[in-house]
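Encoded as structure tokens, the structure appears first; notes follow it.
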Amino acid sequence: MSSAYFCPLVTKPVVVVAAGHYVTRCGEVVTVSQVSTKHDFGCRGRYGNGTVEGWHKSGRIFAGIETANDIVGPAPGEDLARVPGYSAGE
């Protein structure tokens, strides 16, 4: 992927800041086990059914469009607000 692909993501708030449970736009809880601070899709985790996914640190799975599988914030009970770098999602 060219660096131009990631341009729409550069100004998005950082949502995935630490390993933990997050909620997607459609309400599904996912588990993130690996976090990346780069502009890549290196935040790796799994859906409840075991399917592996990669997210940008903004929570998006695609640069140009929103999807139901984008991460929008921490799951209920996760206290990520105290993690440095966290900002509320979209």
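Take 0 as the starting number for the sequence shown in numbering that gives the first Met the number 0 and just add one per residue.
Note that CB positions come from ideal geometry on N, CA and C, so glycine has one too.
From a predicted model like this one, the values you see are computed outputs, not experimental measurements.
The beta carbon of C25 sits closer than 6 Å to those of A67, all from its chain and outside the five residues before and after it, given in chain order. The alpha-carbon of I60 is positioned some 10 Å away from that of D39. If you draw a straight line from the Cα of S32 to the Cα of G76, it is about 17 Å long. In this model, V29 and V71 are separated by some 11 Å (Cα to Cα). Exclusion of the five residues before and after V22 leaves V28, V29, I70, V71, G72, P73, A74, P75 as the residues of its chain whose Cβ lies within less than 8 Å of its Cβ.
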